[in-house]
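Residue numbers (our numbering): 383 to 620. Beta carbons are placed, not taken as given, at the ideal position from N, Cα and C, and that holds for glycine.
1) So, helix, strand or coil for residue 449, using DSSP?
2) With DSSP run on the structure shown, which of helix, strand or coil describes residue 554?
3) Excluding the five sequence neighbours on either side, which residues of its own chain have a C-beta within less than 8 Å of the C-beta of residue 504, listed in chain order?
4) Suppose you measure from the CA of residue 451 to the CA of residue 464; what does that come to, to the nearest Å?
5) Taking just the CA atoms, how far does residue 474 sit from residue 481?
6) Excluding sequence positions up to five away, which residues of its chain have a Cβ less than 8 Å from the Cβ of residue 479?
7) Rounding to the nearest angstrom, what Cα-Cα distance links residue 502 and residue 518 in this structure?
8) Taking the straight line between their C-alpha atoms, what separation do you get for residue 460 and residue 484?
9) Quick one: Cα of residue 570 to Cα of residue 515, how far?
10) Does the Cβ of residue 417 have 16 or more other Cβ atoms within 10 Å, making it buried, or fewer, making it exposed?
If you want it as C-alpha cells, here you go:
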C-alpha cells in the first residue's frame, strides 16, 4: 500500500513527462505567475502524501502509559533494598561496638586470671597448713592417750593402796587411836592424790596452750577437738 501511494504521488510527475513526449510541438511559454502556481501545488500534494505516512517527531514520540505492576515491583525491590541496607548498617554498628569492647574485656580477663592465680596460691597454702594441723592433732591425740594411760595406771596403783589400807583397817583390832592414825593416813593419801591429779591437769592445759598459741588463727577446729577430748577425760576421771 505504501508503494502504491508513493506511485500515485509520483504519477503526477510521470504523467506530465508523458504529456511532454506526446506533444512534440512546443507549447507556448507559460507566464511566470502560472509556473509558480503549478510548482506550489505540486509541492503541497507531495507533502500531503508523505505527511500521512511520516508524521512529525513530536506526534510520533508519545509517552508510554505507566504499568502499575511494574511500578509495584520496583517499589517492592526498593523496600527490600532499604531493609537490607538497614540490616547491614545495624550489623556494622554492632561490630563497631564489639570491637570497642574487646580491649576492655581483655583487661578484665587479665585481672581475673591474676586473681585466680592468687586464689590458687592461697588455697595451696591453706592445704599445706591443714595438713600440718592434722599432723599436730594426731600428735596431740597420741600424747593425750599416753598421759591418759599413765593417769589410769597411777589411779589403779592408788586404788590398790587404798584397798590395802582398808583391809588393814578391817583386819586390825586395835583401839580408837590406831583407827584414827589409819584414817589420817588415808586422808593424807587421798589429798596427795588430788594434788597430783590437779598438777597433771594443769600441766596438760599448759602444754596444750603452748602448742596451739602459734596457730591460733587457723586451729579453731583443732582446739575444739582437743578441749572436748580433755573435758571427756576429766569427766571420766571424776
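Reading from the atomic positions:
1) As a first step, residue 449 is located in the chain shown; it is residue number 67 there, counting from the start. Looking at residue 449 - three-state DSSP - the assignment turns out to be coil, as it is neither helix nor strand.
2) For this step, residue 554 is matched to residue 172 along the chain shown. In this structure, residue 554 counts as coil in the three-state DSSP scheme.
3) Taking the first residue of the chain shown as 1, we reach residue 504 at position 122. Leaving aside the five residues that flank residue 504 on each side, none in its chain has a CB nearer than 8 Å to its CB.
4) Locating residue 451 in the chain shown gives position 69, where the first residue counts as 1. Locating residue 464 in the chain shown gives position 82, where the first residue counts as 1. In this structure, the CA atom of residue 451 is about 20 Å from the CA atom of residue 464.
5) One-based indexing of the chain shown puts residue 481 at position 99. One-based indexing of the chain shown puts residue 474 at position 92. Taking the straight line from one Cα to the other gives about 10 Å.
6) Reading the chain shown from its first residue, position 97 is the one you call residue 479. For residue 479, where only same-chain residues beyond five positions count, there are no Cβ hits under 8 Å.
7) Along the chain shown, read from residue 1 onward, the residue named residue 502 stands at position 120. Along the chain shown, read from residue 1 onward, the residue named residue 518 stands at position 136. Here the alpha carbons of residue 518 and residue 502 stand approximately 24 Å from one another.
8) For the purposes of this step, residue 460 is taken as residue 78 along the chain shown, with counting starting at 1. For the purposes of this step, residue 484 is taken as residue 102 along the chain shown, with counting starting at 1. Each residue's alpha carbon lies about 36 Å from the other.
9) As a working mapping, residue 570 is identified with position 188 in the chain shown. As a working mapping, residue 515 is identified with position 133 in the chain shown. Roughly 43 Å separates the two Cα atoms.
10) In the chain shown, the residue the question calls residue 417 occupies position 35. At residue 417 the pLDDT is 49, less than 50, meaning the model places this residue with poor confidence; the figure from the coordinates comes in the next sentence. Residue 417 comes out exposed.
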